[in-house]
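S.K.: Sharing a structure, written as structure tokens. Questions coming.
Right under this line is the structure:
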């Protein structure tokens, strides 16, 4: 909150010389310093000449004589403060989005960068005036995705059509203050929930875009371009109805342990060599509740695989494949810390004998890559997401009848992880322990697996017995 005060004290202009300097020429580049206090807090501005410093001090004194209050934090008189705030609100959405992306880029993982750009790409084209010379949608999307938001891209090197599209955006983009109008905010949110072909996006797709958009709005608050994030705790029922977020696990997608085991067995029958290379991969997703990027980074040094009994997997990194455009190295893959964990954090998961055997057989058959990773292609390269996705779809064709393949049963490889978590919950393992093994927070576990818990009434009734 801005704190204003009439308590202002001015001082004489001070000339500063660097220690050891012989004259003005080798002193500070702006040696003339205007100094004043507002409610006891010191402020100063530096100038190259005494005339400029005199002028600034005169402006401040004039504002005080006119009865203006001064801002304690910035030291500015209220008219200057209002002018700066109005200028900030008149910054265009496109200029703000570019500044936000450049600010966040260095600290983001590749996949997070891609998600942020995806959100800004969705919103930016609808927050414009109807000016002549608008580029076609495909040209505009190409310019936004490949040139607008990456701080490492030089616009001068872009194709001429791309430069023209971005120049048009700079002129046509609405001021960011337009997002305080429900009409424009609703249009932006509708864009977040719509695919390129005009159909409704999946709830998780919309949710990812909404987070990216909201991050940019929060940044606008910190830059004093908006008084508050207009999305925070707000509903837009008269303008647009958001889709229902469906982040809960669908019990129909995970099947029962017998179905999962049968499906994992069928992986080995996909192709001559491809399926066997992925049997343990999918086993890790089910029996160890690992995310695909965690499986991709699993190393032999983190595997405790006894001849008999339970083993343990310990891992500290994940290997995602955001694409060359989004990584600092320019490579397809990027090694990062575990999701939601610090760089030095690791996770240990006990694994049953069946997965121990699968991993021992996998290592015996395929070995490791030069860095000790268990999973790699026949040529020693890292596994591409499209590859294991294709293997899984072919596995479903072998494992399920046509009517089953049309439904949600184990439709995605990620459903194996959900099935592994669900099995442990159904067996009575405390949620805190399951969350620790799966790399979730307990709150996330309870929210995502709410439907699974809702269908466990009979389990708990049997365990409570009839003593009551």
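Numbering (UniProt numbering), first residue to last: 1 to 468. The beta-carbon is built from N, C-alpha and C at its ideal position, and this holds for glycine as well. The structure presented is a predicted model; accordingly, all values stated were derived computationally and were not measured.
1) Hey, could you find the ends of the beta strand (DSSP E) residue 336 is sitting in?
2) So, using beta-carbon positions, are residue 28 and residue 47 closer together than 8 Å?
3) How would you write the range of the beta strand (DSSP E) that residue 311 sits in, first residue to last?
4) Considering only DSSP beta bridges, list what residue 4 is partnered with.
5) Taking C-beta to C-beta, are residue 395 and residue 267 nearer than 8 Å?
6) Cα separation between residue 413 and residue 130?
7) Which whole runs of the alpha helix (DSSP H) in the region 347-411 are 4 residues long or more, in chain order?
8) If we count the other Cβ atoms within 10 Å of its Cβ and call it buried at 16 or more, is residue 319 buried or exposed?
9) Opposite residue 294 in the DSSP bridges: which residues?
10) Enumerate, from N- to C-terminal direction, the unbroken alpha helix (DSSP H) stretches of 4 or more residues contained entirely within the region 169-234.
11) Quick check on this structure: which residue in 420, 146 and 229 has the alpha carbon closest to the alpha carbon of residue 182?
12) If you reduce the DSSP assignment to three classes, tell me which class residue 153 lands in.
13) In chain order, what residues of the same chain lie with their CB nearer than 6 Å to the CB of residue 7, ignoring the 5 residues before and after it?
14) Per DSSP, what are the beta-bridge partners of residue 328 in this structure?
15) Using the DSSP secondary-structure output, state which residues sit across from residue 299 in a beta bridge.
16) Could you check which residue in 82, 159, 444 and 276 has the C-alpha nearest to that of residue 378?
17) Three-state secondary structure (DSSP) at residue 50?
18) So, residue 179 versus residue 140, is the Cβ gap smaller than 8 Å?
19) Mapping DSSP to helix, strand and coil, what is residue 319?
20) Starting from residue 33, follow its DSSP beta bridges and name the residues at the other end.
21) Straight-line CA distance for residue 326 to residue 198?
22) Taking buried to mean at least 16 other C-beta atoms within 10 Å of its own C-beta, is residue 237 buried or exposed?
23) Can you look up residue 436 in the DSSP assignment and give me helix, strand or coil?
24) Among 16, 92, 67 and 312, whose alpha-carbon lies nearest the alpha-carbon of residue 44?
25) Distance, Cα to Cα, residue 372 vs residue 2?
26) In whole angstroms, what is the alpha-carbon distance linking residue 334 and residue 264?
27) Starting from the Cα of residue 177, find the closest Cα among 210, 128, 302 and 161 and give me that residue.
28) Decide if the region 160-177 is in contact with the region 189-197; the criterion is three or more beta carbon pairs, one per stretch, under 8 Å apart.
29) With DSSP as the reference, identify every bridge partner of residue 128, one or two as the case may be.
30) Can you tell me which residues form a DSSP beta bridge with residue 429?
31) Can you tell me whether residue 270 is helix, strand or coil according to DSSP?
32) Considering only the beta carbon of each residue, do residue 425 and residue 419 sit closer than 8 Å?
33) Tell me the DSSP bridge mates of residue 41?
34) Using DSSP with H/G/I as helix, E/B as strand and the rest coil, what is residue 92?
35) With DSSP collapsed to three states, give me the class of residue 9.
36) What's the call for residue 454, buried or exposed, on a 16-neighbour Cβ count within 10 Å?
M.R.: In short:
1) 334-337
2) no
3) 311-315
4) 71
5) yes
6) 44 Å
7) 353-366, 385-399 and 402-406
8) buried
9) Answer by DSSP bridge pairing: none, since residue 294 is not bridged.
10) 182-192 and 203-222
11) 229
12) coil
13) 39
14) Looking at the DSSP assignment, residue 328 forms no beta bridge with any residue, so it has no partner.
15) 373
16) 276
17) helix
18) no
19) strand
20) 14 and 46
21) 26 Å
22) Because the pLDDT of residue 237 is 45, which lies under 50, any placement of that residue in the model is unreliable, and the question is left without a value.
23) helix
24) 16
25) 56 Å
26) 28 Å
27) 128
28) no
29) 173
30) Beta-bridge pairing links residue 429 to no other residue.
31) coil
32) no
33) 38
34) strand
35) strand
36) No answer about residue 454 holds up, because its pLDDT of 48 lies below 50 and its placement is not dependable.
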